[in-house]
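Peer 1: Quick one: the structure is below, and I'll ask about it shortly.
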Amino acid sequence: MILAQNLLPDLHKYKLDIVAEALDLPAFNHHRASDDAATVGYMLIPFWKMLHERGIHTLQAVNKEMEKLRPLGSKTNRFPKHIILIARNKVGLKNLYQMISASNLKYFKRVPTIPKSLLVEHREGIIVGSACEAGELFRAVTDHKDWDELKRIASFYDYLEIQPLCNNAFMLRNGDVQSEEELKDFNRTIVRLGEELGKPVCATGDVHFLEPEDETYRRILLASKKFPDANAPLPIYFKTTDEMLEEFSYLGEEKAYEVVVTNTRLVADQVEQFELLPAELFPPRLANSKEDLNRMVWEKAHRLYGDELPQLIVDRLNVELSSILGKYDVVYMSAQKLVQRSLENGYLVGSRGSVGSSLVAYMSGITEVNSLPPHYRCPKCKHSEFIQDGSYGCGADMPDKVCPVCGTKYVKDGFDIPFETFLGFGGGKVPDIDLNFSGEYQAKAHRHAIEMFGETQVFRAGTIGTLAEKTAYGFVKKYLEENGITAGRAEENRLTLGCVGTRRTTGQHPGGLVVVPDDLDMEDFCPVQHPADDDGSDTITTHFEYHSMEANLLKLDMLGHDDPTMVRMMQDLTGVDPHDIPLDDPDTMSIFTSSKVLGYENDEILGPTGAVAIPEFNTRFTRQMLVDTQPKDFNTLLRLSGFSHGTDVWLGNAKDLIMSGTATVLETVGCRDDIMLYLISKGLDPKMSFKIMEKVRKGKVKKAGFDDGWVEAMEEHDVPQWYIDSLAKIGYLFPKAHAVAYVMMAFRIAWYKVHEPLAFYATFFSVRAKAFDAEYCCAGKEAVKRKIREIENNKDATAVEQSLLTTLEVCYEFYLRGFHFDTISIYDSDATKFKVTEGGLLPPFTSVHGLGEAAAIDTVEKRKGKEFISIEEFAMCCNKLSKTHIEQLKALGAFAGMAETSQITLF
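In our numbering, the protein residues as written are 701 to 1607.
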């Protein structure tokens, strides 16, 4: 084993078969004693050759050479050594990043490791320090290596480190040393090495926390990981210069000053000033992206609004394109290509965030949100009329009208969203285009992005998971309990907050991809790794949290979402194109205030609205909001979406203003854009209006108040005091473009619910109702009602039960509307999707509790072309179903009187 570990250092594991394969030995019967023994013997032949090449010709020399190569003979030396690597300049930074990437992807052995050979190869621009007690040099000193060996080891480093005695006091407790004097001698030895080799010796603190009192937080975190010495004192806080001088006073005043002050400054002064990340964006290259985007935008503009474009559109497009072309055109065109491919595959793409604020994004097909002011547009002669007097918030709410030029019915469009909310005032922000793809299509969208930019240039966006408050509180409570400490709630909260935000793990953004230009490497920006240190994963993510680089690299936010999947399935079932659904359909709009059009009214379970199962408005909180506001138009629905997604926007703010009669729904602030448009309409300077909006929507006004002069400016322009007070309460505001995109999708889904109910319910139960359980859901209206009440009345209801509650409400409405579930059929039920039948739905196999998708698909495949004469035969054929599944299918009537067994009784 020791020979293999030293002579084959690139292997990750040293199992007998792995080592044999590395040495090209013949295949053998592994774990058979005689074969294993013979193989070990055969290994000695190539090992002797390797030793001979190193000048080792006697058995006596082997052990000494093994210690030099990779001293793994003692328990303390079986783990990688610590080392300090400091990037001196940009060259060193890239070399550092390349080593970190390799340590995570190629040399991960329980922890990321860097072979010395790799460090030597990438040493340019790197300052190498000998690190703490876990470093190679300190270990060699504590192992009492001879002086020549210590000099050999120390000569590798640019500077040597010594640390306060308290850092290594654990060695006293463990019995590794007998006295503090022995710890001092270790440090004196390293100082002597530095003097002899001409290497600076630096006193460092191995700092883990800032203040002495913060050690308690570390103890709590260590205890949560079951460290036996969690409570052992270890004051590795950020010490002052005076404290460090006192720690090393045993070296003498002059030497203490040298290691604490002089040498640390010497090392620090070797580091050049440079930016960790460049200030500008480095987008990838797409051929002709600038020309293609410009052409595409003007072509669609003329296609919709005619050869002679309204000046308003010309001005808006010119302003936007001047900020985009030559700078962000690749960002737009990459999103356009991804959206177009999805549409070609039959899946709508929903936009997220504020990309819908950009008219260029609309004209290039990235978003369905038209950010122009409300207007009429003739689909035939292209004549248009813009309504800019504030009488309508969006085109969908305007009355129908025919074109005065040709008599064709007008198209109504426009949501009045300023471009500044996307790219900033003057186009100073880096665009962030977030898209919702169908969950069924997301993987293909990611593959298309990789094909577009190249396998080696696209990485998953990394995330850093931190300790949440609830988990931290649990750690604190357990620590106090285990240590017999009594603390009040205030002290518990203080300890909890001290632990919150601690890094726990790494992961990957569910839909984020980071793209590096083809003339650069990822390590020009950051290292890469496997998520959560999983060296078995094929996924490679950014080592840094992706937000830290979003101003430098193109990030594609391509999330999987249920809404596009639902729309696609309902279109397939009904043949109704979602683009043809009018956003002013009166029956659809009515369900946001009344369920009458659905065939029931004021139900005791569901309440007065018909918004159950409609995205954005499905929760009991948002349904109550509908009751409070009674929305009659699309623009009000947009406000409600903003209310529900914002922080401190509805409760204690807009709701109070509306319920007291101080303001109407449309006068209150629902989305961030409302602020800018309203203040400009009152006569405030547009730039000031933008700045107020930006500071309010991030919660900065709530924390620190308005900037000087802002309140006075608003008062001078007759902005009501209630409005100013409302702004000061807001913690976070939703972008209007996001609300428009989501509510458009929600309204389309609501249309299917009203006009194509069975297609709607089949889709909802197939796509969204993950908690659907046929035992409860298919038992009839009264049984469902009882189960709803049971869960509602259970204060200790589990998360699974709470999830089931939402599904049960939709089942209850399904029954209220006169529909029914057919009995599951072993011949006709689909694996995962509900089928529309005459007046009802046929549940799939996955509606059986605990029956997973893989088993369901396998069952559907194996039943093809078969007629079963017994339950026993079905179970043997569809053998991925457990006995429990078979019993549940029997209870649900799936076998319809089929015999239990295929055996025939003769007597």
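Beta carbons are placed, not taken as given, at the ideal position from N, Cα and C, and that holds for glycine.
Source: prediction; values computed, not measured.
Can you tell which of P780, P1286, L819 has the C-alpha that lies nearest to the C-alpha of R810?
Peer 2: P780
Peer 1: If you draw a straight line from the C-alpha of A787 to the C-alpha of I718, how long is it?
Peer 2: 36 Å
Peer 1: Among residues of its own chain, excluding the 5 on either side of G1431, which ones have a beta-carbon nearer than 7 Å to its beta-carbon?
Peer 2: Cβ within range, chain order: T1347, D1348, G1399, K1402.
Peer 1: Just mark V1189 as buried or exposed, buried being the case when its beta carbon has 16 or more other beta carbons within 10 Å.
Peer 2: What sits at residue 1189 in the sequence shown is Arg, not Val. So R1189 ends up on the exposed side.
Peer 1: Please name the residue or residues paired with P812 in a DSSP beta bridge.
Peer 2: F808
Peer 1: If contact is defined by three or more beta carbon pairs under 8 Å, each pair taking one atom from either stretch, is the stretch 1126-1136 in contact with the stretch 1174-1183?
Peer 2: no
Peer 1: Let me check one thing: in DSSP terms, what residues is V1055 bridge-paired to?
Peer 2: Note: V1055 sits in no beta bridge, so no partner.
Peer 1: My guess is that V1454 and I1291 are in contact by the Cβ rule of under 8 Å, so how many angstroms apart are they, rounded?
Peer 2: 6 Å
Peer 1: Given L1004, which residues of its chain have a CB within under 6 Å of its CB, disregarding the five upstream and five downstream residues?
Peer 2: none
Peer 1: Going by DSSP, what residues sit across from M1258 in a beta bridge?
Peer 2: According to DSSP, which records beta bridges pairwise, M1258 is partnered with L1135.
Peer 1: Can you list the beta strand (DSSP E) stretches of 3 or more residues lying completely in the stretch 843-921, in chain order?
Peer 2: Here the runs fully enclosed are 860-862, 901-903.
Peer 1: What are the boundary residues of the alpha helix (DSSP H) that includes K1080?
Peer 2: Careful: K1080 lies outside any alpha helix (DSSP H) and carries neither H nor E.
Peer 1: What does S1608 pair with, by DSSP beta-bridge criteria?
Peer 2: Any answer about residue 1608 is impossible in this case: the structure gives the chain only from 701 up to 1607.
Peer 1: Curious, which full-length alpha helix (DSSP H) runs of at least 4 residues does the stretch 1418-1461 contain?
Peer 2: 1421-1429, 1436-1455
Peer 1: Assuming A1161 and T1241 make a contact with CB atoms under 8 Å, what is their CB distance in whole Å?
Peer 2: Contact between A1161 and T1241 holds, with the beta-carbon distance rounding to 7 Å and staying under 8 Å.
Peer 1: Less than 6 Å between C-beta atoms, sequence neighbours within five positions excluded: which residues of the same chain meet that for T1439?
Peer 2: Going by the sequence as given, residue 1439 is Ala instead of Thr. The residues are L1338, S1341, G1342, C1371.
Peer 1: What three-state label does DSSP hand D1373 in the structure shown?
Peer 2: helix
Peer 1: Assess, as a yes-or-no matter, whether the stretch 982-991 is touched by the stretch 1022-1039 under the definition of 3 or more beta carbon pairs within less than 8 Å.
Peer 2: yes
Peer 1: Kindly indicate which three-state DSSP category D1029 falls into: helix, strand or coil?
Peer 2: D1029 falls in the helix class under three-state DSSP.
Peer 1: When you compare only the Cα positions, how much space is there between N1193 and E913?
Peer 2: 15 Å
Peer 1: Mind checking who H782 pairs with in its DSSP beta bridge?
Peer 2: G835
Peer 1: For T940, which residues of its own chain have a beta-carbon under 8 Å away from its beta-carbon, when the five flanking residues on both sides are left out?
Peer 2: No residues qualify anywhere along the chain.
Peer 1: How is D1408 classed by DSSP in three states: helix, strand or coil?
Peer 2: coil
Peer 1: Answer yes if the stretch 1524-1538 comes into contact with the stretch 1492-1512, meaning at least three C-beta pairs across the two stretches below 8 Å, and no otherwise.
Peer 2: no
Peer 1: Determine the burial state of N729: buried for a count of at least 16 other Cβ atoms within 10 Å of its Cβ, exposed for fewer.
Peer 2: With fewer than 16 other Cβ atoms from the protein chains shown falling within 10 Å of its own Cβ, N729 counts as exposed.
Peer 1: So what does A1172 bridge to, in DSSP terms?
Peer 2: A1172 is not bridged to any residue.
Peer 1: If we require 3 or more residues per run, which beta strand (DSSP E) segments fall completely within the stretch 1248-1311?
Peer 2: Complete beta strand (DSSP E) runs here, min 3: 1254-1261.
Peer 1: So which of L723, L725, I702, S801 has the shortest CA-CA distance to E1223?
Peer 2: S801
Peer 1: State whether the stretch 829-845 contacts the stretch 1247-1259, with contact taken as three or more CB pairs (one from each stretch) at a distance under 8 Å.
Peer 2: no
Peer 1: Could you check if R985 is buried or exposed, using at least 16 other CB atoms within 10 Å of its CB as the buried criterion?
Peer 2: exposed
Peer 1: Does DSSP classify H1520 as helix, strand or coil?
Peer 2: strand
Peer 1: Quick check: the Cα distance between Q1229 and V1215, rounded to an integer number of angstroms?
Peer 2: 15 Å
Peer 1: DSSP three-state label for G1198, please.
Peer 2: helix
Peer 1: Give me, in chain order, the residues of the same chain whose beta-carbon lies closer than 6 Å to that of A1554; leave out the 5 immediate sequence neighbours on both sides.
Peer 2: none
Peer 1: If V1484 and L1508 are in contact, beta carbons under 8 Å, what's the gap, nearest whole angstrom?
Peer 2: 5 Å
Peer 1: Quick one: complete beta strand (DSSP E) runs, 3+ long, within the stretch 980-1021?
Peer 2: DSSP runs (the beta strand (DSSP E)) wholly in the stretch 980-1021: none.
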